[in-house]
Amino acid sequence: MLSKDKLNRISELSKKSKNKGLSKSEKEEQRELREEYLQEFRGAFKNHLKSIKVVDPEGTDVTPEKLKEEKRRNEH
Numbered sequence: 001m002l003s004k005d006k007l008n009r010i011s012e013l014s015k016k017s018k019n020k021g022l023s024k025s026e027k028e029e030q031r032e033l034r035e036e037y038l039q040e041f042r043g044a045f046k047n048h049l050k051s052i053k054v055v056d057p058e059g060t061d062v063t064p065e066k067l068k069e070e071k072r073r074n075e076h
């Protein structure tokens with residue numbers, strides 16, 4: 001999870017970008033922070049997906065094979 005300070009900095013840069021504009025170094029900082037945020041988000045989302053089991057109304061497991069394989073890989 002991204003630190004509170006980094007999340008606050010992302011917000012600061014976004015507001016400043018809308019109001020005054022950003023310097024070249026601030027644009028680069030914003031790009032790096034956004035990339036870090038997206039990496040964290042994607043990783044957490046993938047971990048969440050790995051914990052999902054899809055079941056039809058009759059109770060049959062219909063989880064996609066690709067997801068089942070990924071779960072098996074992570075168990076070992």
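Heads up: the sequence shown begins at 1 in full-length UniProt numbering, then just goes up one per residue. Ideal Cβ placement from N, Cα and C applies to all residues, glycine included.
Which residue or residues does DSSP assign as beta-bridge partners of D61?
For D61, the pairing in a beta bridge is given by DSSP as V55.
**OP:** Spatial neighbours of L2 within its chain, please: CB distance less than 7 Å, with the 5 preceding and 5 following residues excluded, ordered by chain position.
**Re:** E36, Y37, E40
Fill in: Reduced DSSP secondary structure (H/G/I, E/B, other) of G21
coil
What is the DSSP secondary structure of Y2, counted as helix, strand or coil?
-> For the record, residue 2 in the displayed sequence is Leu; it is not Tyr. Looking at L2 - three-state DSSP - the assignment turns out to be coil, as it is neither helix nor strand.
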